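Chains as they are written, first to last, in our numbering: chain A, 5 to 286; chain B, 93 to 401.
For each residue, glycine too, the CB sits at the ideal point set by N, CA and C.
Computed from a predicted structure; not experimentally measured.
Scroll down for the structure; my scribbles are underneath it.
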Amino acid sequence: MSESTKPLASYGTIRPGRIVAWTILFLGGIVMMTPLLFMFSTSLKSAGHVYDLRLIPDQPTLANYIKVLSDGRFARWFVNSTLIATIVTLSCLFFDSLVAYTLAKFEFPGRRVVFLAILSTLMIPTEMLVIPWYLMASKLGWIDSYWGIMFPGLVTAFGVFLMKQFFETVPNDFLEAARVDGLNEFAIWWKVALPLVTPALSALAIFTFLGNWTAFFWPLIVTTDQTLYTLPVGLSSFAVEQSIQWELIMTGAALATIPTLAIFLFFQRYIVRGVMLAGVKG
Amino acid sequence: MTATRAPRSAGSGGVWGRLSISTKQIVWAWAFLVLPVLFFAVVRFYPTLEAFYLSVTDWDLLNEPRFVGLDNYRKLFADPLFWQVFRNTFAYLIFGTPIAIVLSFAIAYYLDRVTFLHGLIRALYFLPYLTTAAAMAWVWRWFYQPPPIGVINSILGSFGVPAQPFLRSVTQALPAIMVTAIWAHLGFQIIIFMAGLRAIPTSYYEAARIDGLGEGAILTRITIPLLKPTTVFLVVFSSIGFLRIFDQVYNMTSNDPGGPLNSTKPLVLMIYQTAFSSYQMGYAAAQTVVLFIILFSISMAQLWILRSR
Numbered sequence: 005m006s007e008s009t010k011p012l013a014s015y016g017t018i019r020p021g022r023i024v025a026w027t028i029l030f031l032g033g034i035v036m037m038t039p040l041l042f043m044f045s046t047s048l049k050s051a052g053h054v055y056d057l058r059l060i061p062d063q064p065t066l067a068n069y070i071k072v073l074s075d076g077r078f079a080r081w082f083v084n085s086t087l088i089a090t091i092v093t094l095s096c097l098f099f100d101s102l103v104a105y106t107l108a109k110f111e112f113p114g115r116r117v118v119f120l121a122i123l124s125t126l127m128i129p130t131e132m133l134v135i136p137w138y139l140m141a142s143k144l145g146w147i148d149s150y151w152g153i154m155f156p157g158l159v160t161a162f163g164v165f166l167m168k169q170f171f172e173t174v175p176n177d178f179l180e181a182a183r184v185d186g187l188n189e190f191a192i193w194w195k196v197a198l199p200l201v202t203p204a205l206s207a208l209a210i211f212t213f214l215g216n217w218t219a220f221f222w223p224l225i226v227t228t229d230q231t232l233y234t235l236p237v238g239l240s241s242f243a244v245e246q247s248i249q250w251e252l253i254m255t256g257a258a259l260a261t262i263p264t265l266a267i268f269l270f271f272q273r274y275i276v277r278g279v280m281l282a283g284v285k286g
Numbered sequence: 093m094t095a096t097r098a099p100r101s102a103g104s105g106g107v108w109g110r111l112s113i114s115t116k117q118i119v120w121a122w123a124f125l126v127l128p129v130l131f132f133a134v135v136r137f138y139p140t141l142e143a144f145y146l147s148v149t150d151w152d153l154l155n156e157p158r159f160v161g162l163d164n165y166r167k168l169f170a171d172p173l174f175w176q177v178f179r180n181t182f183a184y185l186i187f188g189t190p191i192a193i194v195l196s197f198a199i200a201y202y203l204d205r206v207t208f209l210h211g212l213i214r215a216l217y218f219l220p221y222l223t224t225a226a227a228m229a230w231v232w233r234w235f236y237q238p239p240p241i242g243v244i245n246s247i248l249g250s251f252g253v254p255a256q257p258f259l260r261s262v263t264q265a266l267p268a269i270m271v272t273a274i275w276a277h278l279g280f281q282i283i284i285f286m287a288g289l290r291a292i293p294t295s296y297y298e299a300a301r302i303d304g305l306g307e308g309a310i311l312t313r314i315t316i317p318l319l320k321p322t323t324v325f326l327v328v329f330s331s332i333g334f335l336r337i338f339d340q341v342y343n344m345t346s347n348d349p350g351g352p353l354n355s356t357k358p359l360v361l362m363i364y365q366t367a368f369s370s371y372q373m374g375y376a377a378a379q380t381v382v383l384f385i386i387l388f389s390i391s392m393a394q395l396w397i398l399r400s401r
């Protein structure tokens, strides 16, 4: 938390203006949290108490959670989302940083062309690619499969671009020393260069995992079989089924939200720093 | 095994050993790149070209694609629904981006100087960014319900304000969805602005204070000009986000996607429906090309603005 205390904040003594500013900021933060607070609160209320808008439930109950989880669909969607986001994240960490390292540290013909080609794909919006991807997936039998959901994101230009900037700061002497020690190039990347860019790797991991965990558009297109839905797509279809049973919809929404919030509580510092890093450099 | 392996490895070691260091580097580099480069060719470049090609064909997925020249584009520009969708999409952008930027800057500016419970307040603003848009769209949809269900109408009611139709109104639904989208991304923009504020050397502020500049003058003459790259990045990032808005609209209007009366329908939802409800693949591809051209122009504008600083 050392980054939170900055010399700038130290000037002046406590003035009324600052107390007012603090209070407004704090109340604004509470307003930002209201959707989340009401979602959790309502998920703990029975159907009869949904119209009672008190934030602390009168008779809190886990009945909604038991009901929503009982048919096993949410558990399945949770597993699908977790598996897909994890595999895609690992793939991106590996390939994005391997490509980035190669482009940053190797001299070879075609380096500039490869870099510009990868960079140029950042200009192409996903929406333009989904129709060709869908055709590819249906031709190759990838509709309704994990692979079908995952394949478009296995390597990302964003990750290559982000990691390249960090590998460029790794001193060549370190790599040369490892070369003299007889390590092959793969081992140099894996054992020497990668450990030096772990902050960037964790930033990339956070972004990739979050992006895939919350992804909606492509999974919605490529899945029709309920058992292969990801959590967001599953929740969306579940909510449509429930129509006006808001306490059940809020429970489903809470179930989709709890995992990322839990991760945040554990890794708050890394996540905030990672977002800053990726946002500023990326 | 060992007998057959030994000479082979010795032989290949011999060839490998005779290569110069720079040649070895080239071999290693391409060994590392071959899979990812293939991936980019097959999953990015080829589909991009295919999207342009499909946009000049008529195709329903069942029969062979038929070349129709620019018919899809003519049809699109003559379609009143497209112009409605175009207006909607830019309405999200033109109102959403300035509100999001001003709000997130103001919050970041004050949050940066707060030391008391700094981490907690930052978390309150940042947490919504970590939620799933599809899930939170349903929470907001519930908030916007008529009384006595909807939270917002109940609060308004307690102040004597008449019930508002929100998502059921052709004029209020789009702003209601826009608020949800602003809320979802505000935390990210605040964090990025704070990173930008931290990057300004404190010596600038000290010098300004010694020169007798007040708070307001420091803000307008030092902070805002030095934050220009951050601001341009966030304006572009936020604009692209609004131009691609889909999750919130789809989930908040799922009984009549893009409704009421198409008043909230953005371009991406039109693309989704054209491709995956009506199966007019060529026509949908033409719409994606239009989206691409809009997004491309905005990215070019960003580069141009940043270069001319």
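Exercise for the section: Answer yes or no: do V341(B) and G350(B) have a C-beta to C-beta separation smaller than 8 Å? Expected result: Yes, the Cβ-Cβ distance between V341(B) and G350(B) is below 8 Å.
Exercise for the section: Measure the C-alpha to C-alpha separation of F169(B) and A377(B) and round it to an integer number of angstroms. Expected result: Approximately 14 Å between the Cα atoms of the pair.
Exercise for the section: Give the single residue among V107(B), L335(B), Y296(B) whose Cα lies nearest to the Cα of L318(B). Expected result: It is Y296(B).
Exercise for the section: Please name the residue, chosen from A200(B), F329(B), A133(B), that lies closest to L289(B) on a Cα-to-Cα basis. Expected result: Of the candidates A200(B), F329(B), A133(B), the residue whose Cα lies closest to the Cα of L289(B) is A200(B).
Practice task
With 8 Å as the threshold, decide whether the Cβ of P61(A) is near any Cβ in chain B.
Solution key: Contact with chain B is absent for P61(A), since none of that chain's Cβ atoms lies less than 8 Å from the residue's Cβ.
Problem - Under 8 Å by beta carbon: chain A residues contacting L146(B) - result: What L146(B) touches in chain A: I135, P136.
Exercise for the section: Express the C-alpha separation of I292(B) and A13(A) in angstroms, rounding to a whole number. Expected result: Bear in mind that a pLDDT of 45 at A13(A), under 50, signals an unreliable position, so the number given afterwards is only what the model happens to contain. Taking the straight line from one Cα to the other gives about 14 Å.
Practice task
Report the rounded CA-to-CA distance for N180(B) versus W120(B), giving the unit in angstroms.
Solution key: If I take the Cα positions, the gap works out to 51 Å.
Exercise for the section: Measuring only between beta-carbons, confirm whether E189(A) sits less than 8 Å from chain B. Expected result: E189(A) counts as touching chain B.
Exercise for the section: Count the CB pairs spanning the segment 117 to 137 of chain B and the segment 95 to 110 of chain A that are closer than 8 Å, and state whether there are at least three. Expected result: In short, these stretches touch, since the Cβ pair count reaches three.
Exercise for the section: Check the Cβ of Q230(A) against every Cβ in chain B and list those closer than 8 Å, keeping chain order. Expected result: What Q230(A) touches in chain B, judged by beta-carbon distance under 8 Å, is nothing: the nearest beta carbon there is about 15 Å away.
Handout entry: the segment 248 to 270 of chain B: positions lying closer than 8 Å to chain A by Cβ
Key = Those residues of the segment 248 to 270 of chain B that come within reach of chain A (Cβ to Cβ, closer than 8 Å) do not exist; the list is empty.
Practice task
Would you kindly check if the distance between the Cβ of F235(B) and the Cβ of V243(B) is under 8 Å?
Solution key: Against a cut-off of 8 Å, the Cβ pair of F235(B) and V243(B) comes out as a contact.
Problem - Host alpha helix (DSSP H) of R290(B) (start-end) - result: Per DSSP, the unbroken alpha helix (DSSP H) holding R290(B) starts and ends at 265 to 290.
Practice task
Could you list which residues in chain B have their beta carbon closer than 7 Å to that of T93(A), in chain order?
Solution key: Ordered by position in chain B, no residue passes the 7 Å Cβ test against T93(A), which lies about 15 Å from the chain.
Handout entry: Three-state secondary structure (DSSP) of D177(A)
Key = Looking at D177(A) - three-state DSSP - the assignment turns out to be helix.
Exercise for the section: Name the two residues that bound the continuous alpha helix (DSSP H) containing Q117(B). Expected result: Following the DSSP letters along the chain, one finds Q117(B) inside the alpha helix (DSSP H) bounded by residues 113 to 132.
Exercise for the section: Please classify T218(A): does DSSP put it in a helix, a strand, or coil? Expected result: Of the three classes helix, strand and coil, the one that applies to T218(A) here is helix, per DSSP.
Handout entry: Any C-beta of chain B under 8 Å from that of E180(A)
Key = So no, E180(A) is outside the interface.
Handout entry: Close Cβ partners of T228(A) (< 8 Å) along its chain, the five nearest in sequence each way excluded
Key = Excluding five sequence positions before and after T228(A), the CB atoms of its chain that fall closer than 8 Å to its own CB belong to I147, D148, given in chain order.
Exercise for the section: Would you verify that the beta carbon of Y274(A) is, or is not, closer than 8 Å to some beta carbon of chain B? Expected result: Output row for Y274(A): interface = no.
Practice task
Could you list which residues in chain A have their beta carbon closer than 7 Å to that of N354(B), in chain order?
Solution key: Those within 7 Å of N354(B) in chain A number zero; the least Cβ separation is about 19 Å.
Handout entry: F159(B), DSSP secondary structure in three states
Key = For F159(B), the secondary structure class from DSSP, reduced to helix, strand or coil, is strand.
Practice task
Anything in chain B within Cβ reach of P156(A), meaning under 7 Å, just list it in chain order.
Solution key: Simply V135.
Exercise for the section: Could you check if A133(B) is buried or exposed, using at least 16 other CB atoms within 10 Å of its CB as the buried criterion? Expected result: An exposed status is given to A133(B), since fewer than 16 other beta-carbon atoms sit within 10 Å of its beta-carbon.
Problem - Same chain, Cβ closer than 7 Å to T322(B), neighbours up to 5 away in sequence not counted - result: Counting only Cβ-Cβ distances below 7 Å, and skipping sequence neighbours, we find I284, F285, G288.
Problem - Alpha-carbon to alpha-carbon, S114(B) and G186(A) - result: Straight-line Cα distance between these residues: approximately 16 Å.
Exercise for the section: Determine the extent of the alpha helix (DSSP H) in which E298(B) is found, giving its start and end residues. Expected result: Element bounds for E298(B): 294 to 302.
Problem - Pick from R183(A), K168(A), L214(A), V244(A) that is closest to N347(B), judged by C-alpha positions - result: Among R183(A), K168(A), L214(A), V244(A), the Cα nearest to that of N347(B) is on V244(A).
Practice task
Give a yes or no on whether the C-beta atoms belonging to Q117(B) and E111(A) are separated by under 8 Å.
Solution key: Judged by beta-carbon spacing, E111(A) lies within the 8 Å limit of Q117(B), meaning their Cβ atoms are closer than that value.
Practice task
For the alpha helix (DSSP H) containing W26(A), list its first residue and its last residue.
Solution key: Taken as a continuous stretch (DSSP letters only), the alpha helix (DSSP H) holding W26(A) covers 20 to 47.
Handout entry: Pairwise C-alpha distance: S85(A) and F98(A)
Key = Using only the alpha carbons, I get a separation of about 20 Å.
Practice task
Just tell me which of L154(B), F329(B), V148(B) has its CA closest to the CA of V160(B).
Solution key: If we check each option's Cα against that of V160(B), V148(B) comes out closest.
Handout entry: Where T93(A) sits in the DSSP three-state scheme
Key = In the three-state reduction of the DSSP assignment, T93(A) falls in the helix class, which pools H, G and I.
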